[in-house]
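Line order of the protein sequences matches chains A and B.
For the first sequence, this note's numbering assigns the number 1 to the initial residue and increments by one for each residue that follows.
For the second sequence, this note's numbering assigns the number 302 to the initial residue and increments by one for each residue that follows.
Here a beta-carbon is modelled for each residue, glycine too, at the ideal position from N, C-alpha and C.
One structure below.
Number of protein chains: 2
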Amino acid sequence: MTASLPTWSEKMLQLLRRMNNFYLPGSTLHSCIRFEVEGEQVGWLQPKIASILSRFPDVFTSHGGAMSVNRCLDSYAKRSEAVDQVLQELRKDESLTCLKGWRNEKYAVMPRFCDTPLMCMERSATSLFGVKRYGVHLNGYSWDDSGRLCMWLGHRSATKQTYPGKLDNLAAGGLAASCGVKQTMVKECEEEACIPACIAEKARPVGTVSYTYEDEEGVFPEGQFVFDLELPLDFKPRIGDGEVQNFYFYPIEKVKELLVTEEFKPNCALVVLDFLIRHSVIQPDTEPYYHEFVAGLHKSL
Amino acid sequence: MTASLPTWSEKMLQLLRRMNNFYLPGSTLHSCIRFEVEGEQVGWLQPKIASILSRFPDVFTSHGGAMSVNRCLDSYAKRSEAVDQVLQELRKDESLTCLKGWRNEKYAVMPRFCDTPLMCMERSATSLFGVKRYGVHLNGYSWDDSGRLCMWLGHRSATKQTYPGKLDNLAAGGLAASCGVKQTMVKECEEEACIPACIAEKARPVGTVSYTYEDEEGVFPEGQFVFDLELPLDFKPRIGDGEVQNFYFYPIEKVKELLVTEEFKPNCALVVLDFLIRHSVIQPDTEPYYHEFVAGLHKSL
Numbered sequence: 001m002t003a004s005l006p007t008w009s010e011k012m013l014q015l016l017r018r019m020n021n022f023y024l025p026g027s028t029l030h031s032c033i034r035f036e037v038e039g040e041q042v043g044w045l046q047p048k049i050a051s052i053l054s055r056f057p058d059v060f061t062s063h064g065g066a067m068s069v070n071r072c073l074d075s076y077a078k079r080s081e082a083v084d085q086v087l088q089e090l091r092k093d094e095s096l097t098c099l100k101g102w103r104n105e106k107y108a109v110m111p112r113f114c115d116t117p118l119m120c121m122e123r124s125a126t127s128l129f130g131v132k133r134y135g136v137h138l139n140g141y142s143w144d145d146s147g148r149l150c151m152w153l154g155h156r157s158a159t160k161q162t163y164p165g166k167l168d169n170l171a172a173g174g175l176a177a178s179c180g181v182k183q184t185m186v187k188e189c190e191e192e193a194c195i196p197a198c199i200a201e202k203a204r205p206v207g208t209v210s211y212t213y214e215d216e217e218g219v220f221p222e223g224q225f226v227f228d229l230e231l232p233l234d235f236k237p238r239i240g241d242g243e244v245q246n247f248y249f250y251p252i253e254k255v256k257e258l259l260v261t262e263e264f265k266p267n268c269a270l271v272v273l274d275f276l277i278r279h280s281v282i283q284p285d286t287e288p289y290y291h292e293f294v295a296g297l298h299k300s301l
Numbered sequence: 302m303t304a305s306l307p308t309w310s311e312k313m314l315q316l317l318r319r320m321n322n323f324y325l326p327g328s329t330l331h332s333c334i335r336f337e338v339e340g341e342q343v344g345w346l347q348p349k350i351a352s353i354l355s356r357f358p359d360v361f362t363s364h365g366g367a368m369s370v371n372r373c374l375d376s377y378a379k380r381s382e383a384v385d386q387v388l389q390e391l392r393k394d395e396s397l398t399c400l401k402g403w404r405n406e407k408y409a410v411m412p413r414f415c416d417t418p419l420m421c422m423e424r425s426a427t428s429l430f431g432v433k434r435y436g437v438h439l440n441g442y443s444w445d446d447s448g449r450l451c452m453w454l455g456h457r458s459a460t461k462q463t464y465p466g467k468l469d470n471l472a473a474g475g476l477a478a479s480c481g482v483k484q485t486m487v488k489e490c491e492e493e494a495c496i497p498a499c500i501a502e503k504a505r506p507v508g509t510v511s512y513t514y515e516d517e518e519g520v521f522p523e524g525q526f527v528f529d530l531e532l533p534l535d536f537k538p539r540i541g542d543g544e545v546q547n548f549y550f551y552p553i554e555k556v557k558e559l560l561v562t563e564e565f566k567p568n569c570a571l572v573v574l575d576f577l578i579r580h581s582v583i584q585p586d587t588e589p590y591y592h593e594f595v596a597g598l599h600k601s602l
């Protein structure tokens, strides 16, 4: 008896499961406690993290299945400042590997995207608190001279802190505190791929991709705003801030094959999968996991 | 102090909550037991239904938190036949109102859409067993002479069994056992709106919309395959099998307003909401519940 190799569909399903492993049996989901600010849940704390934070009772207080930022810290500024001081202290702790990737980039913390932020937090610390991060991702595409759908991919710099050398969307970035969604997308287009604002502004918002994974660095609930940009066939992105070392223009079938390889940054592969579904490259009568793919691209806690 | 009227966004969020009320606190979700066939879950049974089914021990057997079709019924045909006999008996029970809408239309029962069906079941009974139903929905649209995006809506017949007189998508229908997805869509286009196959086949599959609600008739997990069809501006649908009494061609802003009124069949409103997001009519910087909308359109058990 020979074991058959997994198909493309099976490999994609595995990727979706990995990117949503916080929902799988055996995850820490059921042992996590809620992280709350002003009585509203804004994240998830693994037990080992809750135990570390309990060493700072002036900032974090526990109560029945939840840990809160102390109510005495009664403003956005006070909470942000107090938590930052704790994080500066924790950076000395070698075991919290995620903080080694300190970015000096502040993320807004809120129960839902539409709510007023309750505090802000260093980007690299959000996984400790299981705070949801939001970002923007751009699918850049054209039809070539023979009418084939083709997509631009970025090749991440070998020196990038996260996912060096992996394939990426044409442009993408985190939504920093108090920045607009489209504004962030246009800024990333300019910085990463030298796409002028007059072109980038034609990108169309087409939905979101959401997933939650966990690893040794914490819990990562992420929500990406997705944009599609059809580019003129003679347009070529150029290397901008050096986060990308090259750009490739591939037929969509080649992009599809690459998605399930180790070459691709996993969350960017999900953004392209969503594109393949919306653009009918993947069809319900021939893709057995069509429903599972759409569900896996839109998981919410 | 005057209470302000709910905004469009708030009304849409309420509709999404209503269509996903099985996930809300207070639903029967946590008192339901799993409905299994051949060891695989295929539905949810509310306690009162499980109690009724336990009167038929030759067909249904209980075991730790689940009720199964008896293992002795060891084929698709035997299971379908035995369950049908029970349902014929239960039709005499006046309290099971859903069975009054008996359709003589068989739905496939399977753990996931891609699996081989384990049995089939009368459509009107699926909610008793919380078996997931699949269907197809078509967004038909054009740009009018002044470049405005407009959409075709169907006005359901006043004599239709479900949702009489409500607004509907241009075409829609349930996926009967052993029918293809695109094939069903093309068939519904012909039957309901006299759209010839040569036009209907140009419809593009663009994803799914999934939700689960419950009411006095049971649990309704539903998954709709969504198609978009851009129609020539001079094309007009015509009344076909009489399930629709009229068609309207409205600017998309008017359609958007109608979605949150009592005029619209609720699941069709969700299919249009998905269209509005994919076609950038709704945008993340101006729609506070953008993420919640996308999440609510793709809930899975």
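{"Query": "Do W453 (chain B) and G441 (chain B) count as a contact pair if the criterion is CB distance below 8 Å?", "Result": "yes"}
{"Query": "Mind pulling the chain A residues with CB within less than 7 Å of R505 (chain B)?", "Result": "S280"}
{"Query": "In chain B, which residues lie less than 7 Å from C114 (chain A) when you measure between Cβ atoms?", "Result": "P589 and Y590"}
{"Query": "Spatial neighbours of C268 (chain A) within its chain, please: CB distance less than 6 Å, with the 5 preceding and 5 following residues excluded, ordered by chain position.", "Result": "D168 and N169"}
{"Query": "Could one say the Cβ of H599 (chain B) lies closer than 8 Å to chain A's Cβ atoms, at least one of them?", "Result": "yes"}
{"Query": "Find out if the Cβ-Cβ distance for the pair L450 (chain B), I353 (chain B) is shorter than 8 Å.", "Result": "no"}
{"Query": "Among residues of its own chain, excluding the 5 on either side of L24 (chain A), which ones have a beta-carbon nearer than 7 Å to its beta-carbon?", "Result": "R17"}
{"Query": "Given that P585 (chain B) touches chain A, what residues does it touch there, using C-beta distances under 7 Å?", "Result": "V181, P205 and F225"}
{"Query": "Could you please give me the residues that DSSP links to E339 (chain B) through a beta bridge?", "Result": "Answer by DSSP bridge pairing: none, since E339 (chain B) is not bridged."}
{"Query": "In whole angstroms, what is the alpha-carbon distance linking L560 (chain B) and F528 (chain B)?", "Result": "18 Å"}
{"Query": "Does the distance from the CB of L598 (chain B) to the CB of L571 (chain B) come in under 8 Å?", "Result": "yes"}
{"Query": "Among A:F275, A:Q224, A:Q14 and A:N21, which one has its Cα closest to the Cα of G218 (chain A)?", "Result": "A:N21"}
{"Query": "Is S124 (chain A) helix, strand or coil when you go by DSSP?", "Result": "helix"}
{"Query": "Applying the 10 Å Cβ sphere with the 16-neighbour rule, what's the burial state of R457 (chain B)?", "Result": "buried"}
{"Query": "Excluding the 5 residues preceding and the 5 following L175 (chain A) in the sequence, name in chain order all residues of the same chain whose CB lies nearer than 7 Å to its CB.", "Result": "Y134, G135, V136, V181 and T184"}
{"Query": "Check the Cβ-Cβ distances between T212 (chain A) and every residue of chain B, and say whether any is below 8 Å.", "Result": "no"}
{"Query": "Where does R539 (chain B) land, buried or exposed, given buried means 16+ other C-beta within 10 angstroms?", "Result": "exposed"}
{"Query": "In terms of DSSP beta bridges, what is G365 (chain B) paired with?", "Result": "Looking at the DSSP assignment, G365 (chain B) forms no beta bridge with any residue, so it has no partner."}
{"Query": "Around the C-beta of H291 (chain A), are 16 or more other C-beta atoms found within 10 angstroms, so that it is buried, or is it exposed?", "Result": "buried"}
{"Query": "Can you confirm whether the segment 270-281 of chain A touches the segment 229-248 of chain A when touching is taken to mean that 3 or more C-beta pairs between the two stretches lie within less than 8 Å?", "Result": "no"}
{"Query": "For S142 (chain A), which of A:G223, A:K100 and A:A203 has the nearest alpha-carbon?", "Result": "A:A203"}
{"Query": "So if DSSP puts R505 (chain B) in a beta bridge, which residue, or which two residues, is it bridged to?", "Result": "B:D529"}
{"Query": "Could you confirm whether any beta carbon from chain E is found closer than 8 Å to the beta carbon of E81 (chain A)?", "Result": "Annotation note: the requested chain E is absent from the structure, which comprises protein chains A and B."}
{"Query": "Give the straight-line distance between the Cα atoms of V272 (chain A) and L530 (chain B), rounded to the nearest whole angstrom.", "Result": "22 Å"}
{"Query": "Take A200 (chain A) and list the residues in its own chain whose beta-carbon comes closer than 6 Å to its own, dropping the five residues that flank it on each side.", "Result": "V186 and C189"}
{"Query": "Since R34 (chain A) and A66 (chain A) should fall inside the 8 Å C-beta cutoff, what is the C-beta to C-beta distance between them, to a whole number of angstroms?", "Result": "4 Å"}
{"Query": "For the beta strand (DSSP E) containing L149 (chain A), list its first residue and its last residue.", "Result": "L149 to R156"}
{"Query": "Establish whether the CB of E593 (chain B) and some CB of chain A are separated by less than 8 Å.", "Result": "yes"}
{"Query": "Buried or exposed for Q347 (chain B), going by 16 or more other Cβ atoms inside 10 Å?", "Result": "buried"}
{"Query": "May I have the straight-line CA-CA distance separating T7 (chain A) from M19 (chain A), to the nearest angstrom?", "Result": "18 Å"}
{"Query": "Should E36 (chain A) be labelled buried (16 or more other beta-carbon atoms within 10 Å of its own) or exposed?", "Result": "buried"}
{"Query": "Where does the unbroken alpha helix (DSSP H) through H291 (chain A) begin, and where does it stop?", "Result": "Y290 to G296"}
{"Query": "Could you list which residues in chain A have their beta carbon closer than 9 Å to that of I578 (chain B), in chain order?", "Result": "P205, V206, G207 and T208"}
{"Query": "Taking only the alpha-carbon atoms, compute the straight-line gap between E222 (chain A) and T427 (chain B) and give it to the nearest angstrom.", "Result": "35 Å"}
{"Query": "Going along the chain, which residues of the segment 163-195 of chain A sit with their C-beta nearer than 7 Å to a C-beta in chain B?", "Result": "G180, V181 and K182"}
{"Query": "Specify the secondary structure class of A108 (chain A) as computed by DSSP and reduced to three states.", "Result": "strand"}
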